[in-house]
Amino acid sequence: MLSALAENHRVLCLGQVISLFITITSICTQELTLNYGVQLATTQSVGNYFLLMGYLVYRWWTNKGNGLASETPWWKYALLAFADVEANFLVVLAYKYTTISSAMLLDCFTLPVVMFLSITFLQAKYSTEHYVGVSLCLFGILFLVVSDILNYKGTSFGADSFNTNALIGDLLSLLGSTVYGVSNVAQEYFVKTTSRTEFLGNLGLYGFCICACQAFLYEREAFLAVSWSTGSATFLSIYVAALFLMYSITAIMLREGDSAIFNMSLLTSDFFGLLAGVYLFHESLSWLYCIGFVAILAGLVVYTRAQPPTSISKVAQHPDDACLRLLPEKSPINAGGVVV
11 MLSALAENHR
21 VLCLGQVISL
31 FITITSICTQ
41 ELTLNYGVQL
51 ATTQSVGNYF
61 LLMGYLVYRW
71 WTNKGNGLAS
81 ETPWWKYALL
91 AFADVEANFL
101 VVLAYKYTTI
111 SSAMLLDCFT
121 LPVVMFLSIT
131 FLQAKYSTEH
141 YVGVSLCLFG
151 ILFLVVSDIL
161 NYKGTSFGAD
171 SFNTNALIGD
181 LLSLLGSTVY
191 GVSNVAQEYF
201 VKTTSRTEFL
211 GNLGLYGFCI
221 CACQAFLYER
231 EAFLAVSWST
241 GSATFLSIYV
251 AALFLMYSIT
261 AIMLREGDSA
271 IFNMSLLTSD
281 FFGLLAGVYL
291 FHESLSWLYC
301 IGFVAILAGL
311 VVYTRAQPPT
321 SISKVAQHPD
331 DACLRLLPEK
341 SPINAGGVVV
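Oh and the sequence shown: position 20 is 30 in my numbering, straight run, nothing missing.
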């Protein structure tokens, strides 16, 4: 049990590294939207998928040019890539309507979506401690959301305080997190026999094709209308690099322990986003945010002290596990050993 707790704590620490990358991508998106007028929700992610294709090149090179044959049908990768592209699109689009603290609701809502799907389709078994931990985290996020609404342009409860843009931004964030949850559960289920490099490479290949086509069809005029400068190009480059590193490191780090704990630890990116909002974008800090953050930390502690979630059925797993898992450590597709 002590070794399991130590492993969970290590994953929590690793999760904070990913949280920083998430925060960096959020800061860059907010900067591009507010200060440079760059609103290219799809185009921003094209570079990330292009870099991910490098894993296919690496796989081809390590196989000494013997081909890139895969046991997973191409259309499954295409569907997963489509979901991933649209999730990124929805999240980036949210910054057009709301603040960084609201848009970063993405992390919190993914967890209950994943737990629901894991229980419904993968027969995952969670203990009372797991539910208490998740509830505390969601309770804390609720405080963060309420605080953000109350502090939006200094408004307060009442008919005049309702802000349509903030609501649209929150809904886009929640929808994006839902798509992330669905896509990541599907990723874990379908790529249980796929290597990490194959998965990342194919995600990049099909993601690049979908993302580039969507950007060309719907954002080419907006792209040409942008007055590009050194600043905007720098923030876009940092965004792409941070997103690529986040994908790559997540694929490795989630193999260290319970992926649900990992993703709960990413909820602290909301707090990092808050700090960025206060010090970089001059948002006001409410005591409600402090209560929310304490509740999130309490939820993490409660969850990590519980035994890892389990499930009934068992399926073998490839030794080089696929990435971006959001499933329990002992889910039906992760029972053979031991992750978005």
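Every residue gets a Cβ at the ideal spot worked out from N, C-alpha and C, and that includes glycine.
Short check: CB of residue i to CB of residue j, under 8 Å?
i    : j    : result
A261 : R206 : yes
I248 : C23  : no
T33  : S183 : no
C121 : V144 : Reading off the sequence, residue 121 comes out as Leu, not Cys. In this structure, V144 lies closer than 8 Å to L121 by Cβ.
G214 : T108 : no
S111 : L284 : yes
A104 : S193 : no
G150 : A305 : yes
Y3   : L154 : With the chain covering 11 to 350 only, the question about residue 3 has no answer from this structure.
T53  : A176 : no
Y216 : Y136 : no
V195 : S128 : yes
L146 : C118 : no
Expressed to the nearest angstrom, what Euclidean distance is found between the alpha-carbon atoms of residue i and residue j?
i    : j    : result
T204 : G211 : 11 Å
G57  : A286 : 24 Å
A232 : M63  : 26 Å
G47  : S187 : 25 Å
V27  : V95  : 23 Å
Y65  : L90  : 17 Å
T3   : V312 : Absent from the model: residue 3. The displayed extent of the chain is 11 to 350, so no value can be given.
S29  : I259 : 11 Å
V67  : L152 : 44 Å
G241 : L50  : 16 Å
K163 : S294 : Residue confidence for K163 is low, a pLDDT of 48 falling below 50, so the modelled location carries little weight and cannot support an answer.
E229 : A235 : 10 Å
E139 : S239 : 51 Å
R69  : L307 : 39 Å
M125 : W84  : 27 Å
T82  : L185 : 28 Å
W297 : V288 : 13 Å
A243 : L44  : 14 Å
G25  : V250 : 19 Å
K72  : C223 : Strictly speaking, residue 72 in this sequence is Thr, with Lys absent from that position. Looking at the two C-alpha atoms, the distance is approximately 30 Å.
H292 : L181 : 23 Å
L227 : F31  : 29 Å
K106 : K74  : 46 Å
My guess is that residue i and residue j are in contact by the Cβ rule of under 8 Å, so how many angstroms apart are they, rounded?
i    : j    : result
E41  : F245 : 5 Å
G302 : S157 : 7 Å
Y254 : L61  : The sequence as given places Phe at residue 254; Tyr does not occur at that position. Going by Cβ atoms, the distance from F254 to L61 rounds to 4 Å, so yes, they are a contact pair.
F218 : Y59  : 4 Å
S55  : C221 : 5 Å
G191 : V102 : Rounded, the Cβ-Cβ distance is 18 Å, inconsistent with contact.
A134 : P319 : 5 Å
V189 : A79  : Not a contact, Cβ separation roughly 30 Å.
(request) Write down every uninterrupted run of the alpha helix (DSSP H) in the region 125–164 whose length is 4 residues or greater and which is fully enclosed by it, in chain order. (result) Counting only runs of at least 4 residues, the region 125–164 fully encloses the following alpha helix (DSSP H) elements, listed from N- to C-terminal order: 138–161.
(request) For the region 213–294, list the beta strand (DSSP E) runs that are entirely contained and at least 3 residues long, ordered along the chain. (result) none
(message) Extract the residue ranges of the alpha helix (DSSP H) inside the region 21–85, only unbroken runs of 4 or more that lie entirely within it.
(response) 56–62, 64–72
(request) Could you name each continuous alpha helix (DSSP H) segment of 4 residues or more that falls completely within the region 93–117, going from the start of the chain to the end? (result) You should have 110–113.
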